[in-house]
Amino acid sequence: MEHEVLLDIQHVSKSFGLTQALKDVSFQVKQGEIRGIIGENGSGKSTISNIIAGIYGKDEGVIRLNGKELRAATAVEAEAEGIALIVQEIGTIGDISVASNIFLGNEKRFVSKGFINHREMNREAKKALEMIGVSSIAPEDRTDRYNLEERKMIEIAKAFYTHPRLMIVDETANALSSHGRGILYAAIEEVKKYGGTVLFITHDLEELIKICDSVTILRDGVYIDTCYGSDMRINELKVKMVGREMSDHYYRSDVEGSMGEQVVMRVENVFTSMLKNVSLELHEGEILGLGGLSDCGMHELGRLMFGLDQPYAGKVTCTGTDQGLKSPVQAIKRGIGYVSKNRDTEAVILQDSVKNNVCLCSLDKISKLGFASPVQENRFADQWIQKLKVKVNNRGEYVASLSGGNKQKVVLAKWLGRGSRILIFDCPTRGIDIGVKEAIYHLMEELKEQGHAILLISEELPELIGMSDRILIMKDGKIVCETMRGPEITESLLIKEMI
Amino acid sequence: MKSNNKKKGMELFINIFPFISLIVVFVGFALLSGGRTLDITNCRKIFEQSFTLLLVAGAAVFLLSQNCLDMSVGAVIGMTGVVAALVSKINIPLAFAAALGVGVLIGLINGILHGVLGINAMIATLAMSFILRGLLLIVCKSGTVGIAVKMYDLDQVGLKMAVCVVFLVGAWLFFQFHSYGKQCRAVGAGETAAVQSGIHIAFIKIISYVFMGAAAGIAGFFTVIRTGAAMYNTGNMAEFDILIALILGGMPINGGADSKFRSAVIGVLILGILNNGMVLLGLDTYPQLITKGIIFILVLAMTFTIRNKINRDKKMA
Ligand SMILES: Nc1ncnc2c1ncn2[C@@H]1O[C@H](COP(=O)(O)OP(=O)(O)OP(=O)(O)O)[C@@H](O)[C@H]1O
Ligand SMILES: [Mg+2]
Numbered sequence: 023m024e025h026e027v028l029l030d031i032q033h034v035s036k037s038f039g040l041t042q043a044l045k046d047v048s049f050q051v052k053q054g055e056i057r058g059i060i061g062e063n064g065s066g067k068s069t070i071s072n073i074i075a076g077i078y079g080k081d082e083g084v085i086r087l088n089g090k091e092l093r094a095a096t097a098v099e100a101e102a103e104g105i106a107l108i109v110q111e112i113g114t115i116g117d118i119s120v121a122s123n124i125f126l127g128n129e130k131r132f133v134s135k136g137f138i139n140h141r142e143m144n145r146e147a148k149k150a151l152e153m154i155g156v157s158s159i160a161p162e163d164r165t166d167r168y169n170l171e172e173r174k175m176i177e178i179a180k181a182f183y184t185h186p187r188l189m190i191v192d193e194t195a196n197a198l199s200s201h202g203r204g205i206l207y208a209a210i211e212e213v214k215k216y217g218g219t220v221l222f223i224t225h226d227l228e229e230l231i232k233i234c235d236s237v238t239i240l241r242d243g244v245y246i247d248t249c250y251g252s253d254m255r256i257n258e259l260k261v262k263m264v265g266r267e268m269s270d271h272y273y274r275s276d277v278e279g280s281m282g283e284q285v286v287m288r289v290e291n292v293f294t295s296m297l298k299n300v301s302l303e304l305h306e307g308e309i310l311g312l313g314g315l316s317d318c319g320m321h322e323l324g325r326l327m328f329g330l331d332q333p334y335a336g337k338v339t340c341t342g343t344d345q346g347l348k349s350p351v352q353a354i355k356r357g358i359g360y361v362s363k364n365r366d367t368e369a370v371i372l373q374d375s376v377k378n379n380v381c382l383c384s385l386d387k388i389s390k391l392g393f394a395s396p397v398q399e400n401r402f403a404d405q406w407i408q409k410l411k412v413k414v415n416n417r418g419e420y421v422a423s424l425s426g427g428n429k430q431k432v433v434l435a436k437w438l439g440r441g442s443r444i445l446i447f448d449c450p451t452r453g454i455d456i457g458v459k460e461a462i463y464h465l466m467e468e469l470k471e472q473g474h475a476i477l478l479i480s481e482e483l484p485e486l487i488g489m490s491d492r493i494l495i496m497k498d499g500k501i502v503c504e505t506m507r508g509p510e511i512t513e514s515l516l517i518k519e520m521i
Numbered sequence: 476m477k478s479n480n481k482k483k484g485m486e487l488f489i490n491i492f493p494f495i496s497l498i499v500v501f502v503g504f505a506l507l508s509g510g511r512t513l514d515i516t517n518c519r520k521i522f523e524q525s526f527t528l529l530l531v532a533g534a535a536v537f538l539l540s541q542n543c544l545d546m547s548v549g550a551v552i553g554m555t556g557v558v559a560a561l562v563s564k565i566n567i568p569l570a571f572a573a574a575l576g577v578g579v580l581i582g583l584i585n586g587i588l589h590g591v592l593g594i595n596a597m598i599a600t601l602a603m604s605f606i607l608r609g610l611l612l613i614v615c616k617s618g619t620v621g622i623a624v625k626m627y628d629l630d631q632v633g634l635k636m637a638v639c640v641v642f643l644v645g646a647w648l649f650f651q652f653h654s655y656g657k658q659c660r661a662v663g664a665g666e667t668a669a670v671q672s673g674i675h676i677a678f679i680k681i682i683s684y685v686f687m688g689a690a691a692g693i694a695g696f697f698t699v700i701r702t703g704a705a706m707y708n709t710g711n712m713a714e715f716d717i718l719i720a721l722i723l724g725g726m727p728i729n730g731g732a733d734s735k736f737r738s739a740v741i742g743v744l745i746l747g748i749l750n751n752g753m754v755l756l757g758l759d760t761y762p763q764l765i766t767k768g769i770i771f772i773l774v775l776a777m778t779f780t781i782r783n784k785i786n787r788d789k790k791m792a
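For the record, the sequence lines run as chains A and B.
Position in the first sequence (from 1) plus 22 gives the number in our numbering.
Position in the second sequence (from 1) plus 475 gives the number in our numbering.
Shown next, in the form of structure tokens:
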């Protein structure tokens, strides 16, 4: 039983317009196997997941589940076949209850006399959440009360509850804190234990090797190879992914931190519903790392420093004025740029072109008296598309049709194009492949050298340690620890401060 | 592969549908009326009837592209029309300035109600239209307010043509190439992301309502010139004509990046030919209304479902 093939993918191809997302992909996955899938941004990982889960149709090829051809044309049909997908972006609906999300499409179970028995449904939802060890989410609450991480937990609970034969996890881990990751890994282990199969998509190769039994590599929609067990070596995987040698270290190489004299931004004794008496100073030429568990208040602090929220007490100021920051408009005028963690709803406009997205916050720079010639706009957009290597057929393509990592590059292009002096990056490398990650880290170093100030909010400790001049750790809305860059700083040291 | 071609086809269809409709009504009514619609005096009549609608529809593009409505346009036309008629007895340029000023003022109030106080746009402007119609009833107690005789001098096609061309070209340039127009579309396509890109939403909304009010003011001025008097129901239903025209012209009902300025021009033309043709064919008022309503619903339902189909694949990604 252990060795039977569960998922058999044969010669699957899929294109979107001019883009061929998958070219003749074939591979097999056994029962009880945890299979990683890796590849650069836009290599087709989400596409193959979505095809298996019935969300997209395929152009060619056959997919068999337990030897039987899979013909699911909708997500609900796929679910009936025992397939559960946790999507890369937010997969829950905001304005309905948590329980309704967990049983979306399966409400029939709770219908008696023509009405949905909500009490029963909430009880089951609570059970589903407890099964993965989450007790802080109330099933009757509206889903949009919860943050990205908690919403991901809801999706995990939903997937796990169906007792899937095949669970697909599309780049979920890098939206999660270490606590959330623990919950996800436990759910994956559990599925393996009862003989289910897991497809696990990630850009984090260390994570991959820790939890996967094997890994399949895609490049530009083409199947490259599958490696098993001890054959999974990070450097070799990298080469297979990008098709060239990669340098070993992509973080900064200098050992000591450095920063300019001048303070460009100041947070003074700020209080909000999440933050308690927070103060910090951001210097020019500094990369200031901000870490903690996901509900420690660091994301809220980022919003505050962009003028999106207002503190009850205390002040956020930039050099040159004593005036507190009132709005994003003002923040941008003062040279601040902000990359939200919530990419699809806050950082990009999905139903608009790559060009318009890149140009949107720089319109005043591109135009004269408010008028911009299309030629100039195109040049501006092309320049940044090229600089960040956004994979896109043409600049007029809608952002909605880009792969996750490429959307993130559009966000970065927007702010770098604007030339903001102060950059607030909330999880900037979320969903970005190693090649681009390397490029972004280099870019951050370059920006630092040019005197930009960067606030790097991150769930990934290696990234914080590798890139920051100074690291602040937050816990329960307070800054509990400040350390300078140095060789003695380790992950375990920081984790101790966080919990 | 096949589904892609189908999607491409649907996109193309959505884009050219307004042109097809225009040709169909144009040729259709020409044939049905035995060429009477093509007559030069009739063409002139179509323009005269569509002129004010062109102005307000052109301004409404900015609002609709950011997914906002103004239900008070008709009442503003009525109000500014009365003001123009009253002031025309003193001085005619002053009458124009007064109509424009009142339009701007009402637009400003609308913009503040929605943009600053955050009241639902439809409800705020609907309430505004009730207030204005109420005021109009008080002012026009005798039924009509006539205009100064000298004002009839302005009833010239040439002047209207000039106003129309300058206004539309100017508005088109702003909508297509100016940051303001781009920001309007961005707000319609994704408000949260627009805020985080440094767009001052309240400001954009206020400007748009002010512009809408100004256009309605100009429209009110020219409306009373043509009718010779203002009444309590002058400009009635203009907001619905705008909506019908824009949808016929291919405007997405929720605005966003696909919004095009040409929707206003094409849509008003279609509607103008349609109205004129139905009159020429001797249709009564009520069948006319019913026909317009049915066409509106059909076009809306069709474009809405097709656009949803096109976007569905994109949203899933
Ligand atoms: N709905 C869509 N419409 C058009 N093109 C699409 C669509 N979805 C994906 N693509 C294109 O297909 C290719 C593969 O995308 P996919 O989302 O599968 O990449 P990915 O491997 O998941 O990348 P990432 O790591 O960035 O998430 C990309 O070039 C993308 O632009
Ligand atoms: Mg993906």
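Ideal Cβ placement from N, Cα and C applies to all residues, glycine included.
Run the proximity test for residue i: is its beta-carbon closer than 7 Å to any non-hydrogen atom belonging to ligand 1?
i, result
"Q332 (chain A)", "no"
"Q373 (chain A)", "no"
"F38 (chain A)", "yes"
Span of the beta strand (DSSP E) holding residue i?
i, result
"C503 (chain A)", "500 to 506"
"L240 (chain A)", "236 to 241"
"M597 (chain B)", "Element bounds for M597 (chain B): not the beta strand (DSSP E) but the alpha helix (DSSP H), 596 to 614."
"G336 (chain A)", "335 to 340"
"E152 (chain A)", "First-last for E152 (chain A): 140 to 153, but that is the alpha helix (DSSP H), not the beta strand (DSSP E)."
"T619 (chain B)", "619 to 621"
Would residue i and residue j be called neighbours here (beta carbons separated by less than 8 Å)?
i, j, result
"G609 (chain B)", "A713 (chain B)", "no"
"S683 (chain B)", "C543 (chain B)", "yes"
"L188 (chain A)", "L29 (chain A)", "yes"
"K470 (chain A)", "I309 (chain A)", "yes"
"C234 (chain A)", "I56 (chain A)", "yes"
"A623 (chain B)", "I567 (chain B)", "yes"
"V421 (chain A)", "V370 (chain A)", "yes"
"G89 (chain A)", "S35 (chain A)", "no"
Rounded to whole angstroms, what is the Cα-Cα separation between residue i and residue j?
i, j, result
"E229 (chain A)", "K260 (chain A)", "14 Å"
"R86 (chain A)", "Q42 (chain A)", "22 Å"
"G251 (chain A)", "V220 (chain A)", "15 Å"
"R511 (chain B)", "A705 (chain B)", "31 Å"
"V499 (chain B)", "R660 (chain B)", "30 Å"
"G488 (chain A)", "P509 (chain A)", "10 Å"
"W647 (chain B)", "V412 (chain A)", "31 Å"
"E24 (chain A)", "S236 (chain A)", "With a pLDDT of 48 at E24 (chain A), under the threshold of 50, the modelled position of that residue is not reliable, and no figure is offered here."
"V18 (chain A)", "T238 (chain A)", "The requested residue 18 (chain A) does not occur in the structure, where chain A is confined to residues 23 to 521."
"F393 (chain A)", "L575 (chain B)", "26 Å"
"E303 (chain A)", "S37 (chain A)", "49 Å"
Is residue i near ligand 2, going by C-beta to nearest heavy atom under 7 Å?
i, result
"G116 (chain A)", "no"
"E177 (chain A)", "no"
"D366 (chain A)", "no"
"D192 (chain A)", "yes"
"Q110 (chain A)", "yes"
"G426 (chain A)", "yes"
Looking at the secondary structure, which residues open and close the alpha helix (DSSP H) in which residue i lies?
i, result
"C249 (chain A)", "Not the alpha helix (DSSP H): C249 (chain A) falls in the beta strand (DSSP E), residues 244 to 250."
"A43 (chain A)", "From DSSP, A43 (chain A) is part of no alpha helix (DSSP H) but of the beta strand (DSSP E) over 41 to 52."
"K135 (chain A)", "Segment: none, K135 (chain A) is in no alpha helix (DSSP H) and carries neither H nor E."
"F447 (chain A)", "Note, F447 (chain A): premise wrong, no alpha helix (DSSP H); beta strand (DSSP E) at 444 to 448."
I believe residue i touches residue j by the beta-carbon criterion, under 8 Å. Please report the beta-carbon distance rounded to the nearest angstrom.
i, j, result
"G357 (chain A)", "I444 (chain A)", "6 Å"
"V743 (chain B)", "A532 (chain B)", "5 Å"
"L721 (chain B)", "A599 (chain B)", "Not confirmed; about 20 Å, so no contact."
"G202 (chain A)", "E171 (chain A)", "5 Å"
"K214 (chain A)", "T194 (chain A)", "With 8 Å as the limit, K214 (chain A) and T194 (chain A) do not qualify as a contact, their Cβ atoms being about 17 Å apart."
I want to check one thing, is the minimum distance from the CB of residue i to the heavy atoms of ligand 3 below 7 Å?
i, result
"A43 (chain A)", "This structure simply doesn't include ligand 3; it includes ligand 1 and ligand 2 instead."
Any C-beta of chain C within less than 7 Å: which residues of the segment 368 to 396 of chain A qualify? Considering every chain present, this structure includes no chain C. Its protein chains are A and B.
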